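Read through the structure below, which is laid out as structure tokens, and then see the notes.
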Amino acid sequence: MESALQSRAIQEASALCRPFEDPVGDASRMFRAFLTAMSHPGRVVAAFGPGDYPEPLGTTGFGAALTLLDADTPVYLSPQIGTARTLANLRFHCGCPIVDEPAAASFAFMTMAEAETVLPKLSVGTPDYPDRSATALILGGGFTNNDTVRLTGPGIYKYKTLGMNAPQGFWTHLQCNADRYPLGFDTVFIAEGEIVGLPRSTRIDPTITAEEC
Amino acid sequence: MRDETITGETVPVPESGYNFAYLDEGAKRMIRRAILKAVAVPGYQVPFASREMPMPYGWGTGGIQVTASILKPEDTLKVIDQGSDDTTNAVSIRRFFAKTAGVATTEKTEEANIIQTRHRIPEKPLSEDQIIVLQVPIPEPLRWLEPREVETRRMHALSDYGVMHVKLYEDISRHGRITTNYDYPVMVNGRHIMAPSPTPKFDNPKMGNMPALQLFGAGREKRIYAIPPHTEVKSLDFEDHPFSIQAWDEPCALCGAEEVFMDEVILDDQGGSMFVCSDSDFCQRRRDAGHKGPAVEGDDT
């Protein structure tokens, strides 16, 4: 006879996905994808994850979680991302604390549609410790060749254009974020098989309306 | 230790019993997160939980931890010490990673995609596909002027850098020029003053707008900082005392190169000496290509 606890355990185990085939090597390769993305803002960088993954994270999002998260990183999951399966997998594989408030998170997963509500609440660090800030991991949104925004700043030779299916007003948040430099959160866009980094140091073309900064 | 010989060079087989690149995965993740923050705020020193390494502080424990955390199995590593591939520090760090990570190593600058260095940047320009890791003893450029960490942190927060300019000015008023010849302070991305580690100021201009990512690790002081590719790096100076780099009156005695950083090598106890390239790979490759300096000219053996 199964107790409630046992059946819950079985349920959660069936929700668990297999992690990286080569946990050490793949984490190092995935980290290098992140390092390339952050040091070349706006560049579409090839990334990957395990073949089996919790649906809302996608394979690359799951790969990012396995690479970056552990018990030292409080994680916020937006409503669309934070399904029971995501929670079970992050708890088991990463052991990261899950927080309810974006402000308490060092990493925050969200969809593009939810970014507008989550981004303004993220930690931007303190003047003495600008590194005590969050990293926003925004899932979905394929990268297009349409020149949506023009990027300049460290890591970018002259300038770079980045196209993305972003909701209206989305870029305003990131512009405000860049205006606070050296404070601010860092952003990584995660699509299937590719990521784009947008650290706080990147300036976004001012031709886009920047109200409410 | 088990060695096998490939193309004449002794290459150690990775030692069993170590995690890839020595550090445990938890330590690597912590350092990796610190590196990403460092890249996002160029020139800002990110604190990290520096681990004890199997070598003393001062031998590059910071650089080694950065290298261990960024290394992937497919990488090719080059390690230099004062420009040289064959001094103790360079050899032992190269062998350390060959043993614990089993990565390929090289002495050729363009073959390496990760270069760990103690205080020199190779003469051959680096590319976007390369990462250079610099070992740093004192990461805080303001430390000799303000010993309190709380204060220097606040000075960085407020861009309160007047004291650094006063220091450079006092150099000029006393000696007629800025006498700092290595670890010459730079302004990164127009925001943070940064210690470029004790590289000779000769290498400062290479740091600006370099296509390669530059990572700095200070193990004892527990700080990591970075200069992303294509980032503005300006050596501090004054309009009437512009920044200048060292120059030598004679070319390299072995390869004849000019406009490179040179070491003085003492030849005897009569005061005899010669100047040779500090970058051993650069010098060797020039000599292989037939260039000759004054010390070997006419010597056709």
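First to last, the sequence lines map onto chains B and F. First residue of the first sequence: 2, per my numbering; consecutive thereafter. First residue of the second sequence: 1158, per my numbering; consecutive thereafter. Glycine residues also receive a C-beta, built at the ideal position from the N, C-alpha and C atoms. All of these numbers come straight from a predicted model, not from anything done at the bench.
> For F/D1242 versus F/S1437, is the C-beta spacing smaller than 7 Å?
Replying inline: Yes.
> Residue range of the beta strand (DSSP E) that B/V125 falls in?
Replying inline: Unbroken run through B/V125: none, as it is neither H nor E.
> Of all the options F/N1246, F/W1405, F/G1183 and F/P1298, which has the alpha carbon lying nearest to the alpha carbon of F/F1359?
Replying inline: Among F/N1246, F/W1405, F/G1183 and F/P1298, the Cα nearest to that of F/F1359 belongs to F/W1405.
> Can you check whether the CB of F/I1272 is closer than 7 Å to the CB of F/K1363?
Replying inline: Inclusion of F/K1363 and F/I1272 in the CB contact set at 7 Å is not warranted, their separation being larger than that value.
>> For the pair the segment 160-170 of chain B and the segment 1216-1236 of chain F, tell me if three or more CB-CB distances fall below 8 Å.
In response: With the rule of 3 Cβ pairs closer than 8 Å, the segment 160-170 of chain B does not count as touching the segment 1216-1236 of chain F.
>> I need the boundaries of the beta strand (DSSP E) containing B/D180, first residue and last residue.
In response: No beta strand (DSSP E) holds B/D180; the alpha helix (DSSP H) holding it covers F171 to D180.
> Which residues bound the alpha helix (DSSP H) around F/I1154?
Replying inline: Given a span of 1158 to 1458 for chain F in the structure shown, any question on residue 1154 of chain F remains unanswerable.
> Going by DSSP, what residues sit across from F/M1419 in a beta bridge?
Replying inline: Partner residues in the beta bridge of F/M1419, as assigned by DSSP, are F/C1434.
>> Between F/K1324 and chain B, is the shortest Cβ-Cβ distance under 7 Å, so that the two count as touching?
In response: The beta carbon of F/K1324 sits no closer than 7 Å to any beta carbon of chain B.
>> Give me the subset of the segment 1167-1192 of chain F whose CB atoms are less than 7 Å from a CB atom of chain B, sorted by chain position.
In response: Cβ contacts with chain B: N1176, F1177, E1182, G1183, R1186, M1187, R1189, R1190 and I1192.
> Along chain F, in chain order, which residues have C-beta atoms closer than 7 Å to that of B/V25?
Replying inline: Under the 7 Å cutoff, chain F gives N1176, F1177 and E1182.
> Just how far apart, CA to CA, sit F/D1445 and F/L1411?
Replying inline: Cα to Cα, F/D1445 sits roughly 11 Å from F/L1411.
> Which residues, in order along the segment 1196-1217 of chain F, keep a beta-carbon less than 8 Å from a beta-carbon of chain B?
Replying inline: The residues in question are V1196, A1197, V1198, P1199, Y1201, V1203 and P1204.
>> Is there a C-beta anywhere in chain B that falls below 7 Å from the one on F/L1370?
In response: Chain B, which has a Cβ nearer than 7 Å to the Cβ of F/L1370, makes this yes.
> Sorted by chain position, which residues of the same chain lie with C-beta nearer than 7 Å to F/M1212's C-beta, five sequence neighbours on each side aside?
Replying inline: Within the same chain, F/M1212 has close Cβ partners T1218.
> Buried or exposed: B/R201, going by 16 or more other Cβ atoms within 10 Å of its Cβ?
Replying inline: Answer is buried; the Cβ neighbour count reaches 16.
> When Cβ atoms are compared, which residues of the segment 1371-1399 of chain F fall closer than 7 Å to chain B?
Replying inline: Against chain B - using a Cβ distance shorter than 7 Å - the residues of the segment 1371-1399 of chain F are P1385, P1386, H1387 and T1388.
> Under a three-way DSSP split, which group does B/T118 fall into?
Replying inline: Judged by DSSP in its simplified three-state form, B/T118 adopts helix.
> CB-CB under 7 Å to B/I205, same chain, minus the five flanking residues each way: which ones, in chain order?
Replying inline: Excluding five sequence positions before and after B/I205, the CB atoms of its chain that fall closer than 7 Å to its own CB belong to V150, L152, W172, L175, Q176 and A179, given in chain order.
>> Just to confirm before moving on: does the CB-CB distance between B/P128 and B/A105 stay below 7 Å?
In response: No. Outside cutoff.
>> I'd like to know whether the C-beta atoms of F/Q1222 and F/R1380 end up nearer to each other than 7 Å.
In response: Contact flag unset, no.
>> Distance check for F/E1407 and B/F32, CA to CA, integer angstroms please.
In response: Straight-line Cα distance between these residues: approximately 46 Å.
> Per the contact definition of three or more C-beta pairs closer than 8 Å, is the segment 1385-1401 of chain F in contact with the segment 1333-1349 of chain F?
Replying inline: With a cut-off of 8 Å, the segment 1385-1401 of chain F and the segment 1333-1349 of chain F count as touching, because enough Cβ pairs lie within range.
>> To be precise: take each residue of the segment 1303-1321 of chain F, compare its Cβ to all Cβ atoms of chain B, and keep it if any distance is under 7 Å. Which residues remain?
In response: Residues of the segment 1303-1321 of chain F with a C-beta less than 7 Å from any C-beta of chain B: R1310, R1311 and A1314, listed in chain order.
> So, helix, strand or coil for F/Q1427, using DSSP?
Replying inline: Looking at F/Q1427 - three-state DSSP - the assignment turns out to be coil, as it is neither helix nor strand.
> What distance in whole Å lies between the Cβ atoms of B/G142 and B/M113, which are believed to be in contact at a cut-off of 8 Å?
Replying inline: Yes, they are in contact, since the Cβ atoms of B/M113 and B/G142 sit about 5 Å apart, within 8 Å.
> Buried or exposed: which applies to F/E1454, given that a residue is buried once 16 or more other Cβ atoms fall within 10 Å of its Cβ?
Replying inline: With fewer than 16 other Cβ atoms within 10 Å, it is exposed.
> Applying the criterion that 16 or more other CB atoms from any shown protein chain within 10 Å of the CB defines a buried residue, is B/A85 buried or exposed?
Replying inline: The residue in question, B/A85, is exposed, as its Cβ has fewer than 16 Cβ neighbours within 10 Å.
> Alpha carbon to alpha carbon, what distance is there between B/D101 and F/Q1441?
Replying inline: When rounded, the distance between both Cα atoms is 60 Å.
> Fully enclosed by the segment 9-87 of chain B, which beta strand (DSSP E) runs are 3 residues long or longer?
Replying inline: Qualifying beta strand (DSSP E) stretches, in chain order: 76-78.
> How would you list, in chain order, the residues of chain B whose beta-carbon sits under 8 Å from the beta-carbon of F/L1228?
Replying inline: What F/L1228 touches in chain B: S29.
>> What would DSSP say about B/L6, mapped onto helix, strand or coil?
In response: Note: B/L6 maps to helix in three-state DSSP.
> Does the segment 33-49 of chain B come close enough to the segment 1176-1193 of chain F that 3 or more CB-CB pairs lie under 8 Å?
Replying inline: The count of Cβ pairs closer than 8 Å, one atom from the segment 1176-1193 of chain F and one from the segment 33-49 of chain B, reaches three, so the stretches are in contact.
> Leaving out five residues before and five after B/C214 in sequence, what residues of the same chain have Cβ atoms less than 6 Å from its Cβ?
Replying inline: Caution applies to B/C214, whose pLDDT of 48 falls short of 50 and renders its modelled position unreliable; the model cannot decide the point.
>> Closer than 8 Å is the cut-off here; do at least three beta carbon pairs connect the segment 1365-1376 of chain F with the segment 1286-1293 of chain F?
In response: Because the criterion of three Cβ pairs below 8 Å is met, the segment 1365-1376 of chain F and the segment 1286-1293 of chain F touch.
>> For F/K1265, would you say it is in contact with chain B, using Cβ-to-Cβ distances shorter than 7 Å as the test?
In response: It does not; no Cβ of chain B falls within 7 Å.
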